[in-house]
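S.K.:
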Amino acid sequence: MLLSTKFILIKFNHMSRHILLLMIVCISVVAHAQETFFLSDDEQQLLSEYPDTMLRGADSAWPPFEFRQKDGVYAGICQDYTDIVAKRLSLEIKLIPDLVWDDVLNKIMNKDLDVITCLAQTQERDAYLSFTAPFTSIPQVIFTQPDYPYVGGLKDLNNKRVAMTKGYAVTDILKRQYPKLDVVMADNPFDALKLVSTGQADAFVGTLAVGIYLIRKYNLANLKVAAPAEVPALEMRFGFRKDWESLVPLIDKVLASITTEEHTAIQQRWINVEYDPLVDYSLLWKVGSTLSVLLILAVLWISQVQRQKRALQESESKLITQRNALQKLTEVLEAYGERVGRELDMARETQRVLLPDLDKVKTISDIHVLHIDSRFEPSSELGGDFWKLDSIDENRVAVLMVDFVGHGINAALNTFRLHALLESEATTNTEPAVFLENLNNRLSPLLPSGQYATMFYGVIDRNLDILTYAGAATPNPLIFMPGEDEPLIGIGEGLPIGMFDGSTYEDREIPFPKGSSILLYSDAVTEGKTKSGVRLEEKGLVELTKTCLQSCPRENLIELLAKELDELLEQPLADDLTIIHINRLLS
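Take the sequence shown: its letter number 523 is residue 565 in our numbering, and every next letter is one higher.
#1: Where Ile538 and Leu489 are concerned, what is the direct C-alpha to C-alpha distance, given to the nearest angstrom?
#2: Under 8 Å by Cβ, that's how I've got Gly195 and Glu272 pegged, so tell me the actual separation to the nearest angstrom.
#3: In angstroms with no decimal places, state the Cα-to-Cα distance between Ala211 and Leu141.
#4: Excluding sequence positions up to five away, which residues of its chain have a Cβ less than 6 Å from the Cβ of Val411?
#5: Suppose you measure from the CA of Asn518 to the CA of Ala377; what does that come to, to the nearest Å?
#6: Less than 8 Å between the C-beta atoms of Pro181 and Ala103, yes or no?
#7: Where Phe280 and Gly99 are concerned, what is the direct C-alpha to C-alpha distance, given to the nearest angstrom?
#8: Let me make sure I understand the geometry here. Which of Leu591, Leu463 and Tyr255 has the alpha-carbon closest to that of Pro524?
#9: Start and end of the alpha helix (DSSP H) containing Pro231?
#10: Looking at the unbroken beta strand (DSSP E) that takes in Lys404, where does it start and where does it end?
#11: The alpha helix (DSSP H) that contains Ile215, what's its start and end?
#12: Can you tell me the Cα-Cα spacing of Lys222 and Phe80, whole angstroms?
#13: Between the beta-carbon of Ala512 and the beta-carbon of Glu569, is there less than 8 Å?
#14: Within 10 Å of its beta-carbon, does Tyr494 have 16 or more other beta-carbons around it, so buried, or fewer, so exposed?
#15: Specify, as a first and last residue, the run of the alpha helix (DSSP H) that Arg258 falls within.
#16: DSSP on Thr496, reduced to helix/strand/coil?
#17: What did DSSP end up calling Asn314 once you bin it into helix, strand or coil?
#18: Which residue from Ile414, Val576 and Phe477 puts its Cα closest to that of Ser558?
#19: With C-beta atoms as the reference, is Leu155 less than 8 Å away from Leu292?
#20: Taking the continuous beta strand (DSSP E) assigned at Tyr563, which residues delimit it?
#21: Write down every uninterrupted run of the beta strand (DSSP E) in the segment 76–144 whose length is 3 residues or greater and which is fully enclosed by it, in chain order.
#22: Taking only beta-carbon positions, decide if Phe80 is within less than 8 Å of chain B.
#23: Mark Gln111 as exposed unless 16 or more other C-beta atoms lie within 10 angstroms of its C-beta, in which case mark it buried.
#24: So, for Ser402: in the same chain, excluding its five sequence neighbours on each side, which residues have a beta-carbon less than 8 Å away from its beta-carbon?
#25: So, does the segment 183–193 touch the segment 130–137, judging by three or more C-beta pairs under 8 Å?
#26: Need the endpoints of the alpha helix (DSSP H) that Gly582 sits in, please.
#27: Where does Ser574 land, buried or exposed, given buried means 16+ other C-beta within 10 angstroms?
#28: Do you know offhand how far Ala515's Cα is from Val115's?
#29: Looking only at DSSP bridge pairs, what is Ser491 linked to?
#30: Could you compute how far the alpha carbon of Ala234 sits from the alpha carbon of Thr207?
#31: Could you name the residues of the same chain whose beta carbon sits closer than 8 Å to that of Leu615, not counting the 5 residues immediately before and after it, in chain order?
#32: Out of Asp503, Gly582 and Ser564, point me to the one whose CA is closest to Ser416's CA.
#33: Just the Cα atoms here: how many angstroms apart are Thr510 and Thr372?
#34: Run through DSSP, which three-state label would Lys571 get?
#35: If you reduce the DSSP assignment to three classes, tell me which class Phe458 lands in.
#36: On the criterion of 16 or more Cβ atoms from any shown chain inside 10 Å, does Arg365 qualify as buried, or is it exposed?
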C-alpha cells in the first residue's frame, strides 16, 4: 500500500485462529464528549416540575440490550445508558418488572408508565411518545436454517413463513413494506428463533446481536445468518409519555454528555468477548502425559507378567481407567473442532452477505450502460474485504472498495462496524474526498488504536465522461482508455480510514469516455506471494492484465485474470482477494 512518508503501517502477518462469537452491534456516538455536566437554573427548575421517581418499562427478553438475569436483576446495554441518565440527573428511574413488550407499550399509552429507555421511533409511536436523540443503532438481519434455499433479501421470502416479534418496530415496518410475507408472530426473539429451528417458520427477521447472542446461549446450532434485511438500522432512543415532552431536551443534553470512553466501556462490557485459542496446549499436554503413562504401564506389565499376577491385575485396572479418560478427552477435542468449524462457516457466510446483490448490480449496469464483473476469494483466516455499488442519479454511479487491516475476529468485527456506518452514510456523495472525510471522522472514535481500513471511492459521470475518485491508502487503480491495453495508473495514496480524526483527502479527475474501464483490486493481489516465492507487485499485475486483454475482450477480463491469479499465487491465500472491473460499454 502507498502511504505518506510520515507513517509506516504494518499489517499483522498471521493471527491465531479464534472461535468466532459473532455479535455485531454498532454503538453510535451521537454527540461530542463533554468533560463536565451541569444544569442551568432554568433546567433545574424544569426538572423540579417532574417526579423524582419515574416509572419505566422494559423488554425482559431482548439480550444483550435488555434482559432479566438469573438473579432477577435487569441488565444490558440499555440499562447502562439508563443508569447514566439517572445518576447525572439525580433521579430514580424505577423499573416495573415482568412485563412483556405489548404490555409495556399499552401501559405507557395509558400513562401507567412514564418512560421507555430503549425503543425505536415509528409513526405509530409518535402519537403517544416524545423521543430523544438516538444513542445506539442496531442492524437487522435474516436468520434461516443452514440448508434452507438461498436467501439474498426479504423479497426471496414472499409467501414464506417469517417469524416476527409482537410489538417490535421492525415488525411494523416489515408488515407495511413487505405485505406478501406470511407472518408468524412470537412473544420474544428467542421464541421466534425456536420457530425457525424447529421448522415451524422459514425465517426470522431480527437484530443481529440479539440473534447471535441467543443462538450461542441456547446452542441453536441449526441456525445461520442468511442475509441483511433491507430495512434501515433501528436507532434506539428514550421515549417519554407525550405530556412530558418538555423533558426531552434535558435528556438529550445528558445523552450528549456521554463520553467516547463511556460509550466504548458499555460496548466492551456487552459486545466484546474473550476468545479461547483454537489449540488448547494444556489439554494436549494432558493427553500426551496420559499416553506416556500408558506406555510406561504397558512396559512394566510385559516385564512383570510372569512374576506378579496381582501387579498385572492392578496395571490392567489402571489401563482401563486411563483409556476411558483418553476417550473422553478425544470426544471433547472432536466436539471442539466441530464447533470451531461451525463458527468459522457462520462468520464467512455473514461476510459474504455484505457484498452487492447480483440483481442490484445488473440493474445499475443496465441503467448506466456498464459491464461490471468481480471476484471475491476469502483467505484461510477471516478478513475484512467488501465493496459497494450505488446509483446516484441517471447519469452518475458510485463505487467503493474496502480492506480492513489484519485478519481474524478483529477484522470481521471492524468490517461490520464500517458496513453499519455506510448504511447510515449515503454512498451517493458526488465529492469522494468529502465522503471519505465524513466517514473517517465517524469511524475513528470507534476503533482501537492501530486498527484502520483502506478505501477507494469513485464516481463515474457518463454525462461529462469523467471519473472522480479519492483514495485512502488503497492500491493504485488501473484505468484503461478505449482501444488501449496499456493502463493509466491512478493514485490511491492518502491516510487510512479510521486511523486519525480529522484526516483530509484529495479528489482526482480523469477522462472516462465510452469504452473506458477501471480495475480495482485488494492488496492481496500485489502483496501476495507467487508460487516462486516473490511478490507479484503492481508492475507484475499490469503486465498480467495486458497479457489477458490480448487474449480476450474486456468483458471477459475478470474471468481470465482470476484464473491466472489462482495459478500464480500461493494457496491458501493469506489475505482476502477482491478484484472488480467496471467497463463503460459503447452502446
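Every residue, glycine too, gets a C-beta built ideally from N, C-alpha and C.
M.R.: On the basis of the data shown:
#1: Per the sequence shown, the amino acid found at residue 538 is Pro instead of Ile. The C-alpha of Pro538 lies about 12 Å from the C-alpha of Leu489.
#2: Gly195 to Glu272, Cβ: 5 Å. Contact.
#3: One alpha carbon belongs to Ala211, the other to Leu141, and they sit about 17 Å apart.
#4: Correct list, in chain order: Leu627.
#5: The alpha-carbon atoms of Asn518 and Ala377 are separated by roughly 45 Å.
#6: Judged by their CB atoms, Pro181 and Ala103 are not nearer to each other than the 8 Å cut-off.
#7: Each residue's alpha carbon lies about 11 Å from the other.
#8: The option with the nearest alpha carbon to Pro524 is Leu591.
#9: Pro231 to Ser239 is the extent of the alpha helix (DSSP H) around Pro231.
#10: Segment Leu400 to His410 is the alpha helix (DSSP H) holding Lys404; no beta strand (DSSP E) there.
#11: Here the alpha helix (DSSP H) through Ile215 covers Ala211 to Gln219.
#12: Rounded to whole angstroms, Lys222 to Phe80 spans 51 Å at the Cα level.
#13: Cβ atoms of Ala512 and Glu569: not closer than 8 Å.
#14: Looking at its Cβ environment, which holds 16 or more other Cβ atoms inside 10 Å, Tyr494 is buried.
#15: DSSP places Arg258 inside the alpha helix (DSSP H), whose first and last residues are Leu250 to Lys259.
#16: Thr496 carries a strand assignment under DSSP once its states are collapsed to helix, strand and coil.
#17: Summary for Asn314: the model assigns pLDDT 46, below 50, so the residue's position carries little reliability; its value from the coordinates is reported in the next sentence. Three-state DSSP puts Asn314 in coil, outside helix and strand.
#18: Out of Ile414, Val576 and Phe477, Ile414 has the C-alpha closest to the C-alpha of Ser558.
#19: Contact flag unset, no.
#20: Per DSSP, the continuous beta strand (DSSP E) segment holding Tyr563 begins and ends at Ser559 to Tyr563.
#21: For the segment 76–144, whole beta strand (DSSP E) runs of length 3 or above, ordered along the chain, are 95–99, 108–110 and 134–137.
#22: The question asks about chain B, but that chain is absent: this structure has only one protein chain.
#23: Burial check for Gln111: the Cβ neighbour count within 10 Å stays below 16, so the residue is exposed.
#24: Just to set this straight, residue 402 is Lys in the shown sequence, not Ser. In its chain, beyond the 5 residues on either side, Leu431 have a beta carbon closer than 8 Å to the beta carbon of Lys402.
#25: The segment 183–193 vs the segment 130–137: no contact.
#26: Glu579 to Leu591 is the extent of the alpha helix (DSSP H) around Gly582.
#27: Counting the other Cβ atoms within 10 Å of the Cβ of Ser574 gives fewer than 16, which makes it exposed.
#28: Cα atoms of Ala515 and Val115: separation of roughly 48 Å, rounded to the nearest angstrom.
#29: Paired residue(s): none; Ser491 is not in a bridge.
#30: Roughly 7 Å separates the two Cα atoms.
#31: So the list reads Glu419, Pro420, Ser421, Ser422, Ala566 and Gly570, once near-sequence residues are dropped.
#32: Of the listed residues, the one whose Cα sits closest to Ser416 is Ser564.
#33: C-alpha of Thr510 to C-alpha of Thr372: approximately 59 Å in a straight line.
#34: Strand, per DSSP.
#35: Per DSSP, reduced to three states, the secondary structure at Phe458 is helical.
#36: Exposed is the call here.
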